[in-house]
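Student: Provided herewith is a single structure, encoded as structure tokens, for subsequent inquiry.
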């Protein structure tokens, strides 16, 4: 079956630090990959996505590259802000069009200190 | 364009009661997904519906849980005879489908507490 593994949190960084949150996956097909962000008390918001190997998704300074050879989709940001504090979820869907339900990792709680 | 709406946002039920969770998809979206988030866990897929059809219910518990998405009105996730282990956040997502794509947009969730 499909699964997503992401680094355990919480991850605590100082403002302007470099961020990496690791995500690896197993899938039976050729998945599409996503990062979602959840702010306290809110639903999930799509942060970025990639649908094929070597694609780079990017949004709001965050980036992630679909690495088929290492089955990874690590999230990076060059300089984090306090407002980036949230829980980040890596996810995949195993259909080409993405019509299936998403498989999520457990989430990584990111805390940015001023 | 309003986002995905869920109500109620918070629901408290005693053991043995029924819980009904409602989800109104974004305008123009005909696909609905339900997920459950247990404390300190990621979201787990429960069921995928299109109007009047259940497409995939592989993540639904076999007993007490049911879902529908009628031709008119919101999608409903129904939990009968709730137990303490049902306490969780339940999220709904919708997507346009077909030419509109399958990117899922999430609602704010319903937090169910069973006492």
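Chains as they are written, first to last, in this note's numbering: chain A, 1 to 114; chain B, 1 to 115.
We put the CB at the ideal spot given by N, CA and C, even for glycine.
This one's a predicted model, so the numbers in the text were calculated from it and none came from an experiment.
(1) So is residue 32 (chain A) buried or exposed if we call it buried at 16+ other beta carbons inside 10 Å?
(2) The beta strand (DSSP E) that contains residue 49 (chain A), what's its start and end?
(3) In chain order, what residues of the same chain have a beta carbon less than 6 Å from the beta carbon of residue 25 (chain A), not counting five sequence neighbours either side?
(4) Can you pull the chain B neighbours of residue 170 (chain A), defined as C-beta to C-beta under 7 Å?
(5) Counting only Cβ pairs nearer than 7 Å, list the residues of chain A close to residue 109 (chain B).
(6) Quick check: is the beta carbon of residue 91 (chain A) nearer than 9 Å to any beta carbon in chain B?
(7) For the pair the stretch 8 to 28 of chain A and the stretch 76 to 93 of chain B, tell me if three or more CB-CB distances fall below 8 Å.
(8) Whole beta strand (DSSP E) runs in the stretch 33 to 97 of chain B with 3 or more residues, listed along the chain?
(9) Considering only C-alpha positions, which residue in the set A:58, A:101, A:9, A:54 is nearest to residue 78 (chain A)?
(10) Does the beta carbon of residue 11 (chain A) sit closer than 9 Å to a beta carbon anywhere in chain B?
(11) Counting only runs of 3+ residues fully inside the stretch 9 to 63 of chain A, write out the beta strand (DSSP E) ranges in chain order.
(12) Output the distance between the C-alpha atoms of residue 88 (chain A) and residue 35 (chain A), rounded to the nearest integer angstrom.
(13) Where does the unbroken beta strand (DSSP E) through residue 104 (chain B) begin, and where does it stop?
(14) Would you give the residue range spanned by the beta strand (DSSP E) that residue 86 (chain A) belongs to?
(15) Using a Cβ-Cβ cut-off of less than 8 Å, give me the residues of the stretch 98 to 111 of chain A that come near chain B, in sequence order.
(16) What does residue 41 (chain B) reach in chain A if we use C-beta pairs closer than 7 Å?
(17) Go ahead and label residue 31 (chain B) buried or exposed: buried means 16 or more other beta carbons lie within 10 angstroms of its beta carbon, across all protein chains shown.
(18) Who pairs with residue 3 (chain A) in a beta bridge, going by DSSP?
(19) Distance cutoff 9 Å, beta carbons only. Does residue 82 (chain A) sit that close to anything in chain B?
Tutor: By the coordinates alone:
(1) Buried, since its Cβ has 16 or more Cβ neighbours within 10 Å.
(2) Residues 44 to 50.
(3) 4, 71, 92, listed in sequence order.
(4) With chain A covering 1 to 114 only, the question about residue 170 (chain A) has no answer from this structure.
(5) In chain order: 43.
(6) Under the Cβ distance rule, residue 91 (chain A) counts among the residues neighbouring chain B, one pair being separated by less than 9 Å.
(7) Touching, no, given that fewer than three Cβ pairs across the two stretches are closer than 8 Å.
(8) You should have 43 to 50, 53 to 56, 65 to 68, 75 to 79, 88 to 95.
(9) Considering only alpha carbons, the answer is A:58.
(10) Residue 11 (chain A) has a beta carbon lying at 9 Å or more from every beta carbon in chain B.
(11) Here the runs fully enclosed are 11 to 14, 19 to 21, 23 to 26, 32 to 38, 44 to 50, 56 to 59.
(12) Those two C-alpha atoms are separated by around 7 Å.
(13) It is not in any beta strand (DSSP E) - residue 104 (chain B) carries neither H nor E in the DSSP assignment.
(14) Residue 86 (chain A) -> beta strand (DSSP E) spans 86 to 93.
(15) Going along the stretch 98 to 111 of chain A in chain order, one finds 98, 99, 100, 101, 102, 103, 104, 105, 106, 107 with a Cβ nearer than 8 Å to chain B.
(16) Going along chain A in sequence order, the residues near residue 41 (chain B) (Cβ under 7 Å) are 106.
(17) Using a 10 angstroms sphere on the CB of residue 31 (chain B), the tally of other CB atoms reaches 16 or more, which defines it as buried.
(18) DSSP lists A:26 as partners of residue 3 (chain A).
(19) So no, residue 82 (chain A) is outside the interface.
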